[in-house]
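As they're listed, the protein sequences go chains A and B.
Note that our numbering has the first sequence beginning at 18, numbered continuously upward.
Note that our numbering has the second sequence beginning at 2, numbered continuously upward.
C-beta: ideal position from N, C-alpha, C; glycine also.
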Amino acid sequence: MIGLEIHVQLPTKSKLFCTCPNKTSDDPNSIVCPICLGMPGSKPATNRRALELACIAAKTLHCRPLEKTWFSRKTYFYPDLAKDFQITQFEAPIAINGYLDVDGKRVGISRVHVEEDPARAVHDMAPHQEYSLIDYNRSGVPLIEIVTKPDMNSPAQARDFLRMLLSELRYVGVVVEGEDLKVRADANISIEGGERVEIKNITGLRNLERALEFEERRQLKLEKAHMSVKRETRSFDEEKGVTIASREKEEEQEYGYIFEPDLPVYNLSSIVDKMAKPVTASEKAQEIAKKFNLPESDVRSLILDSKPLGELLEDIAQNVDPSRALRWISSVVKAEHYKHSEVSFSLIKSEIERVIAADSAGKLSDVVVKEAIKRIFETGEAGELTEIEEAEGELEKMISNILETEPNLLEEIRRQPKAINSIVGKIIKQSKGRYDSKKIFEAVQKEVEKRL
Amino acid sequence: MTTSAIHEYIEAVKNGKLQPKEYIEDLLSKLKEQNSKSNIFSNFANMIETSSEGDLQGIPFTVKDNICVRKSLTRAGSKILDGYRPPFDATVVSRMRAAGAIFIGSTNMDEFGFGTFSTNCAFGAPKNPFDSERSCGGSSGGAAAATTVMRHHVALAESTGGSISCPASFCGVVGFTPTYGRVSRYGLIDYANSLDKIGLMSRSVEDIAHVLPIISGKDPKDFTSLAQPELDISDREIKSIAIPEELVDSIPDAKILAMFNESIKKLEELGIESVKVSMPILRFSIPAYYILACAEASTNLAKFCGMRYGKPAREYNRMFNEFFTEVRTENFGTEAKRRIMLGTFARMAGYRDQYYMKALRVRRKIIERFEEVFEEYDLIATPTMPLLPPRFEEIQKMSPATVYALDFLTVPPNLAGIPQISMPMGYIENLPVGIHFLADHWEESKLISVGKIWETQVEHRFPENLGWAL
Ligand SMILES: [Zn+2]
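Rendered as structure tokens:
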């Protein structure tokens, strides 16, 4: 059984309790103020946008928002914690009791809450690691913590769940691109009849799966050897790919939570009630697939990859052959979109639609479509589209040219009809793929027959 | 009859009789000279900047040592903050400055506010201007003594459990504690955030009425200041005063009690009815207060570990917990350590429900009882402190529990977050005795009104050998 505690940063403009911008910087301690440094006398002032984003996340995960929510102090001593307490939520999180379906498997969500990120400790700067340095740029960045029930049965399932969770949250704007690598998770894992082991502070999707796979194997080996799995906290060594028992003593950490006395009780029902339930990626995929009669899983994976691509599909599919639209948007448009992320769809949508529409009418070859889409991303325009029909005369001309300049080809065909293929190959090369190979074959056959 | 020293001062500045810069420089040199004996100040302003703008033109003000003053030594009475100069002004300080008042220095206090006599101060206890063998009260002892020795001056003080009223009473001045949330706490070095209130000390109610509107009001940097209704200090009619019998009956000093009964009689002669009320729930105030205050304090004090401000440890090359432990062991005073341990205990799993959560419920009940009383009566009155300012040698013999118990009159209103004013009630053996008036949440105007009435009944006295004010 596997359960996860997932921490993701919220894309607000400023930090959770101060006005420092919420961004990263290579210049350590450049995005700080008395509040996120925990200077004596400073007080937190809550960023409401963070609460709103947390509400959106909670609704996306089908959680029940609590009528009243408040912050608490979790007190422990650690150098990366500016105040030596973290402002987090304890008794009254934003929301509880939700779920997320992943490939037909339902994973329960226990709670969603908001908290501040600690600073970042840098351990490898000093010679011989005599001391560590602290970069407070991250101190006070808003996080949501999502706690699942222990509903996952394998490391792969946990990975798929987390990937789906991040995609869904990205779709509703709660998570930004790139979080797959940055997401931090704690994982609880136990095999049947065994004790629960917690792996702390795993970074990124890939490492989550690796850590869980290693830990599963380790526990199974112990079981096979008739040794018991100890209830403990472990950490994951990314380089060696192993989990290691943490040095900390095995007693339950004691945080002595109290209510955060500088902040009020929030009644978020005003926010939540006004908020339409966000349409999740899965729901949107279902809707589009039904409307245009497309395979739901293909639409979903497109939407989860990128919300703008999903919107483009929904838009264009109304005016062109939907399956062609899906095919091109999932392939070439997607690839070009990632290559040219600065290009906005609002500017090039009509050109993309023009190309796919022409293709839907059967007028274009694949290569022409591909080249045209590339040109759109590079120049903003598809330019002239070489249509197949228009080119018909030209194709015949090309064939006669070859037959005239190389009369021995006809002789060869007479002896061996299969030799016709060599002409087809030459034409494909010459026409740079403007025509369907089938069409070329038929045209060559016609021209050859005329001369035989 | 006391007149407003602030008005007097502003008139003198206007008429050209007084140059604030010269006046304050002269004042500072006198204060510095006597500070080695009086220990009132923990730090003096480095530079005097005068302004001719605002309602408080050139009025000198002092700041309790736990309120941040930009670039000026601010240590909250603790060795652990030695050398700390905040990068910003507390909201109250910037509001005072914007009104034209002039910061002249920070005043000594019990470490982080932990005390009743200002004897838990890392930089020495301030001495009572009425008798230097005796305590000023605490924790805002320096602020009160500064007010005793300066006529034209306002002190920014702070109360968590009675730290304005107690020293005001012991030093014979007016101490005003506003409703919790009335004055922004941004820049106050926290003791217990749900109880801390910044307030004022001065020699007259008139002066308090002049300055209170300047420091009050919403501040987006302190969310707990945002719920307040607008401050109104217009005169109110005071018809009735309630006297909680459990509190008054517990006062052991017969002279203080007699003086209080006499005072109530005087108020009745002035047409204010007085009625004894029973508030038995108040006997739980002290335990509830110490649990909540210490629980919050133990989290607030966690940040003092020598990392970014204050005293660092002697060596860096070791584990962080060893580093933190050395800093905290060597630099926190005994009372701070006691309250950290008490507070940590009260919030730990297993004890949390029994202590911390229970204390929150008791506070709720106490607030409800106060509200019931204020539905019927305008004010509540008691003596401020149950004893005369004690001698330092007597204080040394008191156990912590004895000292905590002495706060039984001042803790209940502080726990409830209601506004209070302590004023001179009279003098016993040439030592000042205070009377304490309490009003319902946000009813500061009733306290100002009763204060103006009461001020006509008592001639304020100040020690003559210190009479070098204007
Ligand atoms: Zn900041």
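Worksheet item: Per the contact definition of three or more C-beta pairs closer than 8 Å, is the stretch 408-427 of chain B in contact with the stretch 174-190 of chain B?
Response: yes
Discussion item. Considering only heavy atoms of ligand 1, does any lie closer than 6 Å to the CB of Ile52(A)?
Written reply: yes
Worksheet entry | Nearest-angstrom beta carbon gap, Arg432(A) and Asp376(A) [assumed within contact, 8 Å] | Contact flag wrong, Cβ pair sits at about 40 Å.
Worksheet item: Do Asp223(B) and Tyr187(B) have their C-beta atoms closer together than 7 Å?
Response: yes
Discussion item. DSSP three-state label for Asp208(B), please.
Written reply: helix
Practice prompt. Measure the alpha-carbon distance for Ile532(A) versus Pro61(A) and round it to whole angstroms.
Written response: Given that chain A is displayed from residue 18 to residue 469, the structure contains no residue 532(A) and the question cannot be resolved.
Fill in: Distance between Glu411(A) and Lys356(A) (C-alpha atoms, nearest Å)
35 Å
Worksheet item: At what residue ranges does the stretch 104-176 of chain B contain a whole run of the alpha helix (DSSP H), taking only runs of 4 or more?
Response: 142-150 and 166-172
Worksheet item: Could you give the distance in angstroms between the alpha-carbon of Val150(B) and the alpha-carbon of Ala255(B)?
Response: 29 Å
Worksheet item: Taking the continuous beta strand (DSSP E) assigned at Ile341(B), which residues delimit it?
Response: Unbroken run through Ile341(B) is the alpha helix (DSSP H), Thr335 to Arg348; no beta strand (DSSP E).
Worksheet item: To the nearest angstrom, how far is it from the Cα of Lys308(A) to the Cα of Leu182(A)?
Response: 25 Å
Worksheet item: Cβ of Cys295(B) within 6 Å of any heavy atom in ligand 1?
Response: no
Worksheet item: When every heavy atom of ligand 1 is checked, does at least one fall within less than 6 Å of the C-beta of Cys122(B)?
Response: no
Practice prompt. Helix, strand or coil for Glu147(A), going by three-state DSSP, please let me know.
Written response: coil
Worksheet entry | The alpha helix (DSSP H) enclosing His8(B), as first and last residue numbers | Ala6 to Lys15
Practice prompt. Using alpha carbons as the reference points, say which of Val282(A), Gly327(A), Lys291(A) and Ser287(A) lies closest to Ala302(A).
Written response: Gly327(A)
Practice prompt. May I ask you to list, following chain order, the residues of the stretch 314-345 of chain B that have a beta carbon less than 8 Å from some beta carbon of chain A?
Written response: Tyr317, Asn318, Phe321, Asn322, Phe325 and Thr345
Worksheet item: Going by C-alpha distance, which of Ile419(B), Arg329(B) and Glu394(B) is nearest Arg364(B)?
Response: Ile419(B)
Discussion item. Is the separation between the beta-carbon of Gly116(B) and that of Gly139(B) shorter than 7 Å?
Written reply: yes
Worksheet item: By a C-beta neighbour count over all protein chains shown, 10 Å radius and 16 as the cutoff for buried, is Asn336(A) buried or exposed?
Response: exposed
Worksheet item: Should the stretch 376-389 of chain B be regarded as contacting the stretch 441-452 of chain B, the criterion being three or more beta carbon pairs within less than 8 Å?
Response: yes
Discussion item. For Asn310(A) and Pro135(A), what's the separation of their Cα atoms in angstroms?
Written reply: 48 Å
Discussion item. Taking 7 Å as the threshold (beta carbon to beta carbon), is Glu297(B) in contact with chain A?
Written reply: yes
Discussion item. Distance cutoff 7 Å, beta carbons only. Does Lys304(B) sit that close to anything in chain A?
Written reply: yes
Item to complete: With a threshold of 16 other CB atoms inside 10 Å of the CB of Ile23(A), please say whether the residue is buried or exposed.
Response: buried
Worksheet item: Can you give the Cα-Cα distance for Arg251(A) and His130(A), rounded to whole angstroms?
Response: 24 Å
Discussion item. Strictly under 7 Å for the Cβ-Cβ distance: is Ile275(A) near chain B by that measure?
Written reply: yes
Worksheet item: In the structure shown, what three-state DSSP assignment does Gln20(B) receive?
Response: coil
Discussion item. Taking only three categories from DSSP, how would you classify Leu182(A)?
Written reply: helix
Practice prompt. Go to Gln26(A), then tell me how far its beta strand (DSSP E) extends in each direction, as first and last residue.
Written response: Ile19 to Gln26
Discussion item. Checking 7 Å against the spacing of the C-beta atoms, do Ile41(B) and Gly143(B) come in under that value?
Written reply: yes
Discussion item. Against Asn194(B), what residues of chain A qualify as contacts under a CB-to-CB distance less than 9 Å, listed in chain order?
Written reply: Lys60, Glu277, Pro278 and Asp279
Fill in: Cys35(A) Cβ short of 6 Å to ligand 1 heavy atom set
yes
Worksheet item: Which residues in the same chain have their Cβ closer than 7 Å to the Cβ of Thr92(A), if we skip the five residues on either side of it in sequence?
Response: Asp101, Phe102, Tyr272 and Gly273
Discussion item. Suppose the cutoff is 6 Å on Cβ atoms and the five residues either side in sequence are ignored; what does the same chain contact list for Ile265(B) look like?
Written reply: Ser275
Item to complete: Pull out every residue of the stretch 352-369 of chain A whose Cβ sits closer than 8 Å to any Cβ of chain B, in chain order.
Response: none
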